[in-house]
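Numbering (the numbering used here), first residue to last: 32 to 633.
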């Protein structure tokens with residue numbers, strides 16, 4: 032085997048979770064935060080003019096602290112993900128959260144200090160050579176400072192949040208770990224599935240009868256504990272709404288939009304294009320249902336594989352997956368291919384299929400050592416190869432900005448999904464083209480459709496639910512029955528009332544609703560997916576797109592989403608044209624799927 036299935040964490044901190052290096056890093060970071068606070072208390076803009084060297088020192092130290100916390104955070108999360116039962120991880124996570132909280136308090140004070148700097152002085156500061164590269168980020172900080180309360184109140188809110196949003200989010204994880212799904216399979220054999228196992232089987236099991244039998248058991252498992260989940264969601268949202276109100280706003284989308292550096296006009300246009308173009312995906316789902324012997328697909332069929340005669344998918348070894356990704360990345364960008372090869376050769380990836388690992392997949396960058404780490408479980412399916420390509424896309428994004436100031440690496444979630452989806456698209460297209468039979472191609476196209484179906488229909492439903500829930504939560508505590516009704520209506524609206532079954536307890540089973548930061552975790556995925564589709568379409572038209580693509584990625588934390596699109600793509604995100612360009616690529620895939628399956632349903 033050429034490439035290892037396990038990652039190397041020693042280059043980050045040697046010695047595991049009890050690493051002496053890690054403990055030293057946390058101690059040094061705590062000291063640096065205190066030092067930064069003292070420096071900030073002494074800083075005076077007028078006496079620091081005209082070179083502002085003390086402020087440069089201050090902002091440099093702030094960025095170094097951010098990098099230190101990021102480096103330690105990646106390592107602690109990596110250890111916990113690879114060994115989910117490790118009892119030493121939680122205390123280290125708590126210690127790191129405390130440090131992050133202290134750093135955020137100092138950062139908040141800095142934002143308020145910037146507000147007090149006269150406009151003329153602030154403009155002069157931004158023009159100095161050391162600060163000009165982060166002028167956009169400093170303007171953001173100053174604008175944020177205008178909305179902050181007094182230091183003591185902000186510090187109190189920050190401390191309360193540890194037992195507020197953050198605590199309720201953590202409580203959700205504890206609740207999910209207690210969810211079990213008693214179930215009789217198609218042969219009548221009793222079994223009990225964990226929430227993660229049941230979710231994987233509900234959406235991914237190849238047997239339609241198995242999935243249909245599992246759905247009611249799945250719903251019942253969440254019904255049994257729905258009051259606990261409703262309490263958790265209500266209190267997490269309630270804390271958030273109270274925090275918003277304390278800062279003078281009742282618009283619960285204001286902060287998520289600001290966090291993603293995008294306007295409400297862009298969001299509304301994006302959703303309008305999604306809603307206007309959902310019918311061809313509903314037609315695809317009806318065709319998929321027909322192939323399964325049904326009139327309409329059920330919730331459990333939406334992401335299900337299609338196992339047609341002769342459609343056995345290719346099974347990749349990890350080495351084959353690596354070679355496949357490197358090859359096809361290289362067709363678009365030699366630099367993407369080089370980064371992928373570096374990740375495989377330097378053991379950045381934890382991919383082993385074994386017990387004791389956390390579910391899911393992620394990529395995080397190590398800001399001090401300019402590396403990344405990727406976590407997933409690799410079983411050899413084409414979907415696993417696409418997931419690996421997705422996470423390597425994230426790593427490529429991090430690699431092309433790691434020479435920039437730390438503030439310039441703080442890109443928002445919506446554009447964070449751009450490079451990852453771009454990488455995934457490259458490999459998904461290559462998988463389809465490599466199909467040896469029509470049956471295999473149908474199966475791969477069906478797998479490729481999981482993304483647009485999720486973005487246009489499933490996440491659209493989540494967004495409709497979440498906005499309506501927050502509107503109601505501003506008035507009262509929302510009961511489990513009301514949450515079920517909100518979710519069911521949102522799913523029916525998003526899916527055009529076209530499914531035979533739904534999942535009204537998705538509000539309880541979907542982690543995304545319970546993440547403390549950022550809020551409204553769903554819509555950035557749709558933005559990133561459609562934005563990357565537009566870029567992918569442009570790359571196919573222009574060829575030799577690498578330099579343009581990297582230039583765009585390097586600006587992702589240096590301007591608004593609208594400015595980014597205008598500068599690098601020449602498009603207006605508040606208008607539908609750009610979004611429609613990406614839709615055309617999806618329609619092309621659906622048309623091919625329909626053509627290939629026409630003979631199978633006549």
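Where a beta carbon is used, it is the ideal one built from N, C-alpha and C, also for glycine.
Find out if the Cβ-Cβ distance for the pair residue i, residue j is shorter than 9 angstroms.
i, j, result
"residue 470", "residue 364", "no"
"residue 132", "residue 220", "no"
"residue 446", "residue 292", "yes"
"residue 300", "residue 605", "yes"
"residue 104", "residue 141", "no"
"residue 315", "residue 484", "yes"
"residue 148", "residue 76", "yes"
"residue 381", "residue 406", "yes"
Cα separation between residue i and residue j?
i, j, result
"residue 166", "residue 582", "18 angstroms"
"residue 598", "residue 399", "30 angstroms"
"residue 222", "residue 359", "42 angstroms"
"residue 233", "residue 110", "29 angstroms"
"residue 541", "residue 346", "29 angstroms"
"residue 566", "residue 457", "12 angstroms"
"residue 531", "residue 241", "16 angstroms"
"residue 64", "residue 130", "8 angstroms"
"residue 378", "residue 482", "28 angstroms"
"residue 614", "residue 74", "52 angstroms"
"residue 337", "residue 424", "27 angstroms"
"residue 539", "residue 609", "35 angstroms"
"residue 66", "residue 309", "55 angstroms"
"residue 82", "residue 294", "35 angstroms"
"residue 476", "residue 623", "8 angstroms"
"residue 589", "residue 94", "15 angstroms"
"residue 323", "residue 413", "21 angstroms"
"residue 239", "residue 325", "10 angstroms"
"residue 195", "residue 546", "12 angstroms"
"residue 158", "residue 169", "12 angstroms"
"residue 304", "residue 297", "11 angstroms"
"residue 507", "residue 181", "29 angstroms"
"residue 391", "residue 474", "23 angstroms"
"residue 236", "residue 522", "22 angstroms"
"residue 629", "residue 621", "12 angstroms"
Going by Cα to Cα distance, which pick from the options is closest to residue i?
i, options, result
"residue 212", "120, 406 and 251", "251"
"residue 586", "441, 282 and 231", "441"
"residue 427", "439, 406, 449 and 409", "449"
"residue 50", "628, 123 and 34", "123"
"residue 401", "37, 42 and 206", "42"
"residue 185", "275, 247, 298 and 244", "275"
"residue 98", "127, 592 and 71", "127"
"residue 209", "245, 260, 550 and 231", "260"
"residue 118", "47, 139, 145 and 258", "47"
"residue 575", "307, 367, 85 and 229", "367"
"residue 557", "181, 491 and 617", "491"
"residue 135", "156, 179 and 116", "179"
"residue 183", "203, 139, 173 and 171", "139"
"residue 52", "553, 218, 107 and 563", "107"
"residue 253", "230, 270, 268 and 269", "230"
"residue 480", "617, 600 and 501", "617"
"residue 463", "551, 431, 627 and 321", "627"
"residue 429", "371, 478 and 486", "371"
What does the Cβ neighbour count give for residue i, buried or exposed, with the cut at 16 atoms within 10 Å?
i, result
"residue 121", "exposed"
"residue 151", "exposed"
"residue 187", "exposed"
"residue 26", "This structure leaves residue 26 out entirely; the chain is present only between 32 and 633."
"residue 459", "buried"
"residue 569", "buried"
"residue 384", "exposed"
"residue 517", "buried"
"residue 438", "buried"
"residue 596", "buried"
"residue 362", "exposed"
"residue 632", "exposed"
"residue 55", "exposed"
Is residue i a contact residue of the ligand FAD, with contact defined as CB to any heavy atom under 8 angstroms?
i, result
"residue 451", "For the ligand FAD, the structure offers nothing, since it holds no ligand at all."
With a threshold of 9 angstroms between beta-carbons, can residue i be considered close to chain C, or not?
i, result
"residue 94", "Looking at the structure shown, chain C is missing, and only one protein chain is on hand."
So within the segment 321–376, which uninterrupted alpha helix (DSSP H) runs reach at least 4 residues, ignoring any that extend past its ends?
349–363 and 365–376
Practice item. Let me know the alpha helix (DSSP H) ranges lying completely inside the segment 406–434, each 4 residues or longer, listed in chain order. Key: 413–430
Next on the checklist: Report the start-end ranges of each alpha helix (DSSP H) in the segment 451–492 that is 4 residues or longer and not cut off at the edges.
Outcome noted: 469–479 and 481–484
**Request:** Jot down the residue ranges of each uninterrupted alpha helix (DSSP H) in the segment 170–242, minimum 4 residues, whole runs only, in chain order.
**Result:** 182–193, 196–207 and 226–235
Those runs of the alpha helix (DSSP H) which lie wholly inside the segment 563–606 and span at least 4 residues: 577–585 and 592–600
Going along the chain, which unbroken runs of the alpha helix (DSSP H) with 4 or more residues stay wholly within the segment 74–146?
76–79 and 84–113
Ignoring anything shorter than 4 residues, give me the alpha helix (DSSP H) runs that lie fully in the segment 242–297, in order along the chain. 257–277 and 285–290
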